[in-house]
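Novice:
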Amino acid sequence: DVKVTQSSRYLVKRTGEKVFLECVQDMDHENMFWYRQDPGLGLRLIYFSYDVKMKEKGDIPEGYSVSREKKERFSLILESASTNQTSMYLCASSKQGGISYNEQFFGPGTRLTVL
Amino acid sequence: GENVEQHPSTLSVQEGDSAVIKCTYSDSASNYFPWYKQELGKRPQLIIDIRSNVGEKKDQRIAVTLNKTAKHFSLHITETQPEDSAVYFCAAPGNQFYFGTGTSLTVIP
Numbered sequence: 038d039v040k041v042t043q044s045s046r047y048l049v050k051r052t053g054e055k056v057f058l059e060c061v062q063d064m065d066h067e068n069m070f071w072y073r074q075d076p077g078l079g080l081r082l083i084y085f086s087y088d089v090k091m092k093e094k095g096d097i098p099e100g101y102s103v104s105r106e107k108k109e110r111f112s113l114i115l116e117s118a119s120t121n122q123t124s125m126y127l128c129a130s131s132k133q134g135g136i137s138y139n140e141q142f143f144g145p146g147t148r149l150t151v152l
Numbered sequence: 037g038e039n040v041e042q043h044p045s046t047l048s049v050q051e052g053d054s055a056v057i058k059c060t061y062s063d064s065a066s067n068y069f070p071w072y073k074q075e076l077g078k079r080p081q082l083i084i085d086i087r088s089n090v091g092e093k094k095d096q097r098i099a100v101t102l103n104k105t106a107k108h109f110s111l112h113i114t115e116t117q118p119e120d121s122a123v124y125f126c127a128a129p130g131n132q133f134y135f136g137t138g139t140s141l142t143v144i145p
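For the record, the sequence lines run as chains A and B.
Quick note on numbering: the first sequence equals residues 38 to 152 in our numbering.
Quick note on numbering: the second sequence equals residues 37 to 145 in our numbering.
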């Protein structure tokens, strides 16, 4: 069974703080993704990575950065958190074969509130 | 980028009735069309997918149809049950992974 875990289920931060969201997968997947989920807007891709140290911008990368130093770990960084980054953040992974063509396995999500 | 439109945004059906959710996409290069189900408080999970070389795929009470010419695909759930209540997302990946905005399905017992 694929397991994707995220470091926190709930997180409360203050405006201007630097925030780290961690994601770990145990299935040796090459591809990893970060999404944010907001009511009425569905799942929007922030960044993805198809290999260690590789990253690609998604649809809404502004205000975020990512790090992938190890294959199993993909971190999302909010350099200076703002209230409009309050959201549910979902991490996902998929096996090699092109990012579009394989099932994505999601983590449980981190609900981030920025005050 | 890719534009994936999903309709309706909410859907209520009586138990035992059918439910249909439709998605349209714009990227002609899309060749893989998955559907994810997200139950309340849980993570999205793949329920069915279809590749562009087939027009329909069925898995028990769930089916997906694809019309590549018209660039739309649909999820069909027959004999709906209360446990089908969830948010359903379509996706039409191109060079990125774009999801639709979701359909909240409620099955009324």
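Note that the Cβ used here is the ideal one computed from N, Cα and C, for glycine as well.
(1) Among the candidates B/T137, B/G130, B/G138, whose CA atom is the shortest distance from the CA of A/N139?
(2) Hey, would you say B/T116 sits closer than 9 Å to B/F109, going by beta carbons?
(3) Residue range of the beta strand (DSSP E) that B/F135 falls in?
(4) Using 9 Å as the threshold, is the C-beta distance between A/Y72 and A/L149 below it?
(5) Closer than 8 Å, Cβ to any Cβ of chain A: which residues of the segment 55-70 of chain B, in chain order?
(6) Looking at the unbroken beta strand (DSSP E) that takes in A/R105, where does it start and where does it end?
(7) Please list the partners that B/L102 has in chain A, where partner means a Cβ-to-Cβ separation under 9 Å.
(8) For B/T137, which residues of its own chain have a beta-carbon under 6 Å away from its beta-carbon, when the five flanking residues on both sides are left out?
(9) Is the segment 59-69 of chain B touching the segment 140-147 of chain A, taking contact as three or more C-beta pairs under 8 Å?
(10) Just tell me which of A/F57, A/T52, A/G53 has its CA closest to the CA of A/R46.
(11) In the DSSP assignment, find the beta strand (DSSP E) that holds A/T147 and state where it starts and stops.
Specialist: In terms of the structure at hand:
(1) Residue numbering aside, residue 139 of chain A sits at position 102 when the first sequence is read from its first letter. It is B/G130 whose Cα lies nearest to the Cα of A/N139.
(2) Here the question's residue 116 of chain B lines up with position 80 in the second sequence. Here the question's residue 109 of chain B lines up with position 73 in the second sequence. Result no, Cβ atoms of B/T116 and B/F109 do not sit closer than 9 Å.
(3) The residue you call residue 135 of chain B lines up with position 99 of the second sequence. From DSSP, B/F135 is part of no beta strand (DSSP E); its letter is neither H nor E.
(4) As a position in the first sequence, residue 72 of chain A is number 35, starting the count at 1. As a position in the first sequence, residue 149 of chain A is number 112, starting the count at 1. For A/Y72 and A/L149, no; Cβs fall outside 9 Å.
(5) S66, N67, Y68, P70
(6) Along the first sequence, read from residue 1 onward, the residue named residue 105 of chain A stands at position 68. It spans 101-107 - the beta strand (DSSP E) in which A/R105 sits, taken as one unbroken run.
(7) Within the second sequence, the letter at position 66 stands for residue 102 of chain B. Result: empty, since nearest Cβ-Cβ is about 15 Å, beyond 9 Å.
(8) Here residue 137 of chain B refers to the residue found at position 101 when the second sequence is read from its first residue. Answer for B/T137: Q42, listed in chain order.
(9) no
(10) One-based indexing of the first sequence puts residue 46 of chain A at position 9. Nearest C-alpha to A/R46: A/F57.
(11) Locating residue 147 of chain A in the first sequence gives position 110, counting from the first residue. Start and end: 147-151.
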